[in-house]
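*Asks:* Residues are numbered in the working numbering as their position in the sequence shown, beginning at 1, plus a constant of 14.
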Amino acid sequence: MRFLVSTLFLLGQTTLFGGNFTLHSNDLSGQLTKTQEFAGFGCNGKNISPELHWNDAPAGTKSFAVTLYDPDAPTGSGWWHWVVFNIPSSAASLPENFGNTLQKHSLNATQSITDFGKTGFGGACPPVGDKPHRYMFTVHALDIDHLDLDEKASPVLVGYMLGMHTLAKSTLVSYYGR
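1) Which two residues bound the contiguous alpha helix (DSSP H) that contains Val172?
2) Ends of the beta strand (DSSP E) at Ile101?
3) Does DSSP put Gln50 in a helix, in a strand, or in coil?
4) At which residue ranges does the region 66-92 contain complete beta strand (DSSP E) runs of 3 or more residues, listed in the order of the chain?
5) By Cβ distance below 6 Å, which residues in the same chain neighbour Leu107 in space, the five residues on each side in sequence not counted?
6) Go ahead and pull the three-state DSSP assignment for Thr13.
7) Would you identify the three-state DSSP class for Val153, choosing helix, strand or coil?
8) By how many angstroms is the C-alpha of Glu110 removed from the C-alpha of Thr49?
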């Protein structure tokens, strides 16, 4: 019985962590640039979301979500910079500047509000003099076609729903300081 329980636990971990499911970007390296820096809150970057692409999504994936989170923000709870969901399972990428909600995109994905209080991409903007912050770009493979949420959904609510429906996820981390 102990062997069976251990085996089921390991199978569950393999499914949750997605094996070869990986996130890549042609625009990101270990450091973000002024291109991905926010334009506001004392920052003067271009606020352009990076190109992202992923491969080897697990079987049963029905849609994707992408999030950008800064766990180092001096808020006590981090900072949500980007929340995109209802990306069709046929998609394997987001183009550069997808986070610009003024542009129309063929994916019909939903970009909900961030901790900036606006929808779409909100780039890096750590306080001047802080150690470089970690910016965690994560793609989630979901077991559901559509999250019944809209662009007014808070990042915490979307995060809760992602937690309930994530089959696998993959994260890219870049750093930024000012």
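C-beta atoms are modelled at their ideal positions from N, C-alpha and C, and glycine is treated no differently.
*Replies:* From the atom records:
1) Pro169 to His179
2) Trp93 to Pro102
3) helix
4) 66-69 and 77-84
5) Per the sequence shown, the amino acid found at residue 107 is Ser instead of Leu. Contacts found: His67.
6) Missing from the structure shown is residue 13; the chain here goes from 15 to 192 and no further.
7) strand
8) 10 Å
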